[in-house]
Amino acid sequence: MTRTPVLPLLLLTGAIWGLTPAIAKVGMGLGISAMGFAFWTAVGSALALTLLCRARGQAIPRDRAHLLYYLAAGGSGFALANVFGFHALQHIPAGFFALLIPLAPMLTVVGAAAIGQERLTARRVAGTALGFAGVALAMAPGAALPAASLIGWALVAALTPVCYAVSGLVAVQFAPRGTGPLAVAAGSLYGAAFCLAFFALALGQFHPPLSADWRAEALLPLQAVLTAIAYLAYFRVIAAAGAVVTSQVGYIVTIAGVVWGAIIFGERMGWLALPAVALIFAGLWLVTRPGRRVANKPHPRR
């Protein structure tokens with residue numbers, strides 16, 4: 007059996023996810039609604055992975071258990087995450103949004119401990135506290151958020167890593183046995199597209215094809231292909247290494263997001279951003295260091 011190249015896949019996933027907020031921000035600035043951008047990205051990515059499944063002779067299971075899993079994983083990790091993230095991105099810098107992503111692994115560890123996947127240690131509690139302190143500092147005047155009036159949108163954006171954490175836990179806890187990462191990724195994107203269609207119609211943000219600037223329309227297939235690649239890599243790492251190891255992609259997403267924000271939008275952060283990033287990365291390092299997995303027996307009482 008071929009060993010999964012975890013580190014290269016993490017780097018690839020992080021680089022793509024770090025670029026996604028910038029692409030979405032450009033697309034929305036050119037006239038595509040937030041939900042329209044997310045919906046067509048999900049549809050295009052799902053179709054791309056479906057073609058790949060067929061080329062490899064793999065079926066996408068459609069029994070009840072799989073369909074529920076697709077809705078749960080895709081609905082939380084893609085649909086809801088983009089409902090919050092894309093709406094907030096219309097008001098906050100892409101670089102600041104990237105600083106929020108490391109909250110996902112911290113919340114993942116807390117959630118994993120709550121459902122018995124991992125042990126919650128003092129080190130991880132301290133790391134989570136440092137991470138939240140870093141994010142709070144990033145919202146202060148002179149840091150990554152341009153104005154205090156944007157704190158409300160910053161808090162909306164912070165719901166995105168909550169969704170990522172939930173999706174990662176769902177992916178590990180309820181993943182259907184015997185189904186490969188490619189089929190799971192495709193099915194989850196269909197689940198996300200279904201949820202996003204509902205949100206787009208409910209919010210009056212459905213985007214008819216070819217109804218915006220041609221430059222914005224060109225971003226949709228680009229983002230769809232990138233999302234398909236990132237989702238496939240993500241599920242391969244999840245299957246090989248688990249939710250906590252996969253959550254270390256937060257380092258890469260943060261760095262890539264800040265860099266792309268500076269390149270594309272000329273975003274510049276204040277001097278307080280440096281200690282904020284240091285706190286976030288210190289917390290992420292403490293949280294994602296490997297811990298003991300819970301054995302299949304009751305925990306001893308102390």
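Numbering-wise, my numbering puts 73 at position 67 of the sequence shown, and it's gapless, one number per residue.
Think of the CB as a built atom: it goes at the ideal place given N, C-alpha and C, for glycine as much as any other residue.
Just so it is clear, the structure is predicted and the values come from calculations on it, not from any experiment.
Practice problem: Give me the Cα-Cα distance between ALA100 and MET275, rounded to the nearest whole angstrom. | Solution: Position 94 of the sequence shown, counted from the start, is the residue given in the question as residue 100. Position 269 of the sequence shown, counted from the start, is the residue given in the question as residue 275. In a straight line, the C-alpha of ALA100 is about 11 Å away from that of MET275.
Self-check item: Euclidean distance between Cα positions of LYS303 and HIS72
Solution: Residue 303 sits at position 297 when you count from the first residue of the sequence shown. Residue 72 sits at position 66 when you count from the first residue of the sequence shown. In this predicted model, LYS303 has a pLDDT of only 38, less than 50, meaning its place in the structure is not dependable; the value taken from the coordinates is given anyway. Rounded to the nearest angstrom, the two C-alpha atoms are 28 Å apart.
Quiz item: Which two residues bound the contiguous alpha helix (DSSP H) that contains SER194?
Solution: Position 188 of the sequence shown, counted from the first residue, corresponds to residue 194. That run of the alpha helix (DSSP H) goes 187 to 208.
Quiz item: My guess is that PRO187 and LEU238 are in contact by the Cβ rule of under 8 Å, so how many angstroms apart are they, rounded?
Solution: For the purposes of this step, residue 187 is taken as the residue at position 181 of the sequence shown. For the purposes of this step, residue 238 is taken as the residue at position 232 of the sequence shown. Indeed, because the Cβ distance is near 6 Å, the residues count as touching under 8 Å.
Quiz item: Where does MET112 sit, in a helix, a strand or coil, going by DSSP?
Solution: For the purposes of this step, residue 112 is taken as the residue at position 106 of the sequence shown. Three-state DSSP puts MET112 in a helix.
Quiz item: How close, in whole Å, do the beta carbons of GLY91 and THR19 come, if the pair is a contact with beta carbons under 8 Å?
Solution: Mapped onto the sequence shown, residue 91 falls at position 85. Mapped onto the sequence shown, residue 19 falls at position 13. The C-beta distance from GLY91 to THR19 rounds to 16 Å, too long to meet the 8 Å contact threshold.
Quiz prompt | Simplified DSSP state of TRP220, which is helix, strand or coil | solution = Position 214 of the sequence shown, counted from the first residue, corresponds to residue 220. Looking at TRP220 - three-state DSSP - the assignment turns out to be helix.
Practice problem: Starting from the C-beta of TRP291, find all residues in its chain whose C-beta is less than 6 Å away, skip the five residues before and the five after it, and write them out in chain order. | Solution: Locating residue 291 in the sequence shown gives position 285, where the first residue counts as 1. Around TRP291: no qualifying Cβ.
Quiz item: Given a threshold of 16 other Cβ atoms within 10 Å of its Cβ, counted over all protein chains shown, does ALA21 qualify as buried or as exposed?
Solution: As a first step, residue 21 must be located in the sequence shown, where it is residue number 15. When all chains shown are included, ALA21 counts as buried.
Practice problem: Have a look at LEU36, ALA44 and LYS31 and flag the residue whose alpha-carbon is nearest the alpha-carbon of PHE212. | Solution: Looking up residue 212 in the sequence shown gives position 206. Measuring from the Cα of PHE212, the nearest candidate turns out to be ALA44.
Exercise. Compute the beta-carbon to beta-carbon distance between GLY311 and ILE258, rounded to the nearest angstrom, for a pair I have assumed lies under 8 Å.
Key: Here the chain comprises residues numbered 7 to 308, so residue 311 is not present and cannot be evaluated.
Quiz item: Under 7 Å, do ALA199 and ALA48 count as touching if we go by C-beta distance?
Solution: One-based indexing of the sequence shown puts residue 199 at position 193. One-based indexing of the sequence shown puts residue 48 at position 42. Result yes, Cβ atoms of ALA199 and ALA48 sit closer than 7 Å.
Practice problem: Just the C-alpha distance for ALA146 and ALA284, rounded to the nearest angstrom, thanks. | Solution: The sequence position of residue 146 within the sequence shown is 140, counting from 1. The sequence position of residue 284 within the sequence shown is 278, counting from 1. Using only the alpha carbons, I get a separation of about 15 Å.
Exercise. Identify the continuous alpha helix (DSSP H) that holds MET34 and give its terminal residues.
Key: Numbered from its first residue, the sequence shown carries residue 34 at position 28. Residue range 12 to 35 is occupied by the alpha helix (DSSP H) that includes MET34.
Self-check item: 8 Å Cβ shell around LEU228 - same chain, five flanking residues per side excluded
Solution: Taking the sequence shown and counting its residues from 1, the one referred to as residue 228 is at position 222. Hits under 8 Å: ILE29.
Quiz item: Apart from the five residues on each side of it in sequence, which residues of its chain come closer than 8 Å, Cβ to Cβ, to ALA94?
Solution: Counting from 1 along the sequence shown, the entry for residue 94 is found at position 88. Excluding sequence neighbours, ALA94 sits near PHE103, TRP159, ALA160, VAL162, ALA163 and THR166.
Quiz item: Under the three-state reduction of DSSP, which class applies to PRO304: helix, strand or coil?
Solution: For the purposes of this step, residue 304 is taken as the residue at position 298 of the sequence shown. Residue placement at PRO304 is flagged as unreliable, the pLDDT there being 38, under the threshold of 50; a coordinate-derived value is accordingly withheld.
Quiz item: Taking the alpha carbon of LEU53 as the point to measure from, which residue in GLY197, ALA79, GLU223 and GLY148 has its own alpha carbon closest?
Solution: On the sequence shown, residue 53 is found 47 positions in, with the first residue counted as 1. Residue GLY197 is the option with its Cα nearest to LEU53.
Quiz item: Do THR185 and PRO67 come within 7 Å of each other at the CB atom, strictly closer than that value?
Solution: Here the question's residue 67 lines up with position 61 in the sequence shown. Here the question's residue 185 lines up with position 179 in the sequence shown. For PRO67 and THR185, yes; Cβs fall inside 7 Å.
Quiz prompt | Own chain residues within Cβ distance below 8 Å of LEU55, not counting five before or after | solution = Residue mapping note: residue 55 aligns to position 49 of the sequence shown, counting from 1. Within the same chain, LEU55 has close Cβ partners LEU188, ALA191, ALA192, LEU195, ALA234, TYR237 and LEU238.
Quiz item: Between LEU232 and the rest of its own chain, which residues show a CB-CB distance below 6 Å, the 5 nearest in sequence each way excluded?
Solution: Taking the sequence shown and counting its residues from 1, one reaches residue 232 at position 226. Cβ within range, chain order: ILE22.
Quiz item: Taking just the CA atoms, how far does VAL172 sit from LEU77?
Solution: Your numbering for residue 77 matches position 71 in the sequence shown. Your numbering for residue 172 matches position 166 in the sequence shown. Rounded to the nearest angstrom, the two C-alpha atoms are 13 Å apart.
Exercise. For MET112, I'd like the list of residues in its chain whose CB is within less than 6 Å of its CB, leaving aside the five on either flank, ordered along the chain.
Key: In the sequence shown, counting from the first residue as 1, residue 112 sits at position 106. If we look at MET112 and ignore the five residues flanking it on each side, its Cβ neighbours are THR134, GLY137 and VAL293.
Exercise. With a 10 Å radius around its C-beta and 16 neighbouring C-beta atoms as the bar for buried, classify ILE269 as buried or exposed.
Key: For the purposes of this step, residue 269 is identified with residue 263 of the sequence shown, where counting begins at 1. Result: exposed.
Quiz item: Residue ranges of each alpha helix (DSSP H) run of no fewer than 4 residues wholly in the segment 30 to 79, ordered along the chain?
Solution: Counting only runs of 4 or more, we get 40 to 61.
Exercise. In the DSSP assignment, find the alpha helix (DSSP H) that holds PHE103 and state where it starts and stops.
Key: As a position in the sequence shown, residue 103 is number 97, starting the count at 1. Annotation: the continuous alpha helix (DSSP H) that includes PHE103 extends over 100 to 106.
Quiz item: Which value, in whole angstroms, describes the spacing of the CA atoms of LEU13 and ALA247?
Solution: The count along the sequence shown starts at 1 and reaches residue 13 at position 7. The count along the sequence shown starts at 1 and reaches residue 247 at position 241. The alpha-carbon atoms of LEU13 and ALA247 are separated by roughly 11 Å.
Self-check item: Chain-order list of residues whose beta-carbon lies under 7 Å from that of ALA245 (same chain, five-residue window excluded)
Solution: To locate residue 245, count along the sequence shown from 1; it is residue 239. These residues qualify, in order along the chain: PRO187.
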